[in-house]
Amino acid sequence: GEDVEQSLFLSVREGDSSVINCTYTDSSSTYLYWYKQEPGAGLQLLTYIFSNMDMKQDQRLTVLLNKKDKHLSLRIADTQTGDSAIYFCAESGTGTYKYIFGTGTRLKVLA
Amino acid sequence: SQTIHQWPATLVQPVGSPLSLECTVEGTSNPNLYWYRQAAGRGLQLLFYSVGIGQISSEVPQNLSASRPQDRQFILSSKKLLLSDSGFYLCAWSVQEFTGELFFGEGSRLTVL
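Quick mapping for you: the protein sequence lines, in order, are chains A and B. All the letters of the first sequence, read from the start, carry residue numbers 1 to 111 under the numbering used here. All the letters of the second sequence, read from the start, carry residue numbers 1001 to 1113 under the numbering used here.
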């Protein structure tokens, strides 16, 4: 079945770049997403990428997709303390209503 | 604009008691609806999804059930809670035409003692 994996923790210093990685198994994935979860709250969509794209940039966020290796990454430039949260990678495929999420990566930004 | 409401926000229940979590969506019609559970270290687990009234797909066999009595109402239930049912439950919706984004409620934290 589908599976999405992420490392559990990442710690960076304020002002540095953060790179959060994700691997997925479903080769029929059409959309790949990054969601952010603040403490005690629901998830909010940060950005997404279509499977026919290699890269997408949105202000401080850069998403890279390596379809061959089924690897997705999220780079946050100039990381701020407000970026501290849990980041979830997710995928969905054409013809399915299911969104499969990873375990989430807890990003801690040190001042 | 569309909004999603989920309640109660916090719930403490004894083992063996029933459960009912409710979710409603406003400002849209015929949404896809989802229940996820978030447990420590296990990420977000899809429990149920629904593409229409009375249509429920179950992803994980367990003692939970879901119902969709109205177009924009999604209910998560249990007749007898287990300790392992503790977690953070999230309701979400997406448009039927599948533009890609899931919109989440604020979550319900369930503690079973």
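We put the beta carbon where it would ideally sit given N, CA and C, even for glycine.
Nearest neighbour of residue i, chosen from the options [CA to CA]
i	options	result
residue 127 of chain A	B:1112, B:1093, B:1045, B:1082	Because chain A here runs from 1 to 111, residue 127 of chain A falls outside it and cannot be looked at.
residue 50 of chain A	A:32, A:62, A:57	A:32
residue 87 of chain A	A:97, A:105, A:93, A:70	A:105
residue 1009 of chain B	B:1022, B:1026, B:1081, B:1078	B:1022
residue 16 of chain A	A:75, A:103, A:85, A:93	A:75
residue 60 of chain A	A:68, A:52, A:80	A:80
residue 22 of chain A	A:109, A:64, A:78	A:64
residue 1066 of chain B	B:1044, B:1042, B:1091, B:1025	B:1091
Distance CB(residue i)-CB(residue j) smaller than 8 Å
i	j	result
residue 73 of chain A	residue 19 of chain A	yes
residue 1020 of chain B	residue 1075 of chain B	yes
residue 98 of chain A	residue 1046 of chain B	yes
residue 103 of chain A	residue 8 of chain A	yes
residue 70 of chain A	residue 25 of chain A	yes
residue 1006 of chain B	residue 1100 of chain B	no
Spatial distance of residue i from residue j (CA atoms)
i	j	result
residue 13 of chain A	residue 101 of chain A	27 Å
residue 30 of chain A	residue 1014 of chain B	42 Å
residue 1063 of chain B	residue 1018 of chain B	11 Å
residue 92 of chain A	residue 1111 of chain B	30 Å
residue 1077 of chain B	residue 38 of chain A	26 Å
residue 41 of chain A	residue 85 of chain A	10 Å
residue 96 of chain A	residue 1102 of chain B	13 Å
Chain A contact for residue i (CB, 8 Å cutoff)
i	result
residue 1095 of chain B	no
residue 1107 of chain B	yes
residue 1089 of chain B	no
residue 1030 of chain B	no
residue 1068 of chain B	no
residue 1051 of chain B	yes
residue 1101 of chain B	yes
residue 1046 of chain B	yes
Exposure label - residue i; buried when at least 16 CB within 10 Å
i	result
residue 1030 of chain B	exposed
residue 1087 of chain B	buried
residue 36 of chain A	buried
residue 1025 of chain B	buried
residue 1042 of chain B	exposed
residue 1050 of chain B	buried
residue 52 of chain A	exposed
residue 109 of chain A	buried
residue 90 of chain A	buried
residue 6 of chain A	buried
CB contact below 8 Å: residue i versus chain E
i	result
residue 103 of chain A	Annotation note: the requested chain E is absent from the structure, which comprises protein chains A and B.
beta-carbon residue i near the ligand SAH non-hydrogen atom, thresh 7 Å
i	result
residue 1072 of chain B	This structure does not include the ligand SAH; it has no bound ligands of any sort.
Neighbour flag for residue i against chain B, beta carbons, 8 Å
i	result
residue 142 of chain A	Because chain A spans 1 through 111 in this model, residue 142 of chain A falls outside it and cannot be assessed.
residue 98 of chain A	yes
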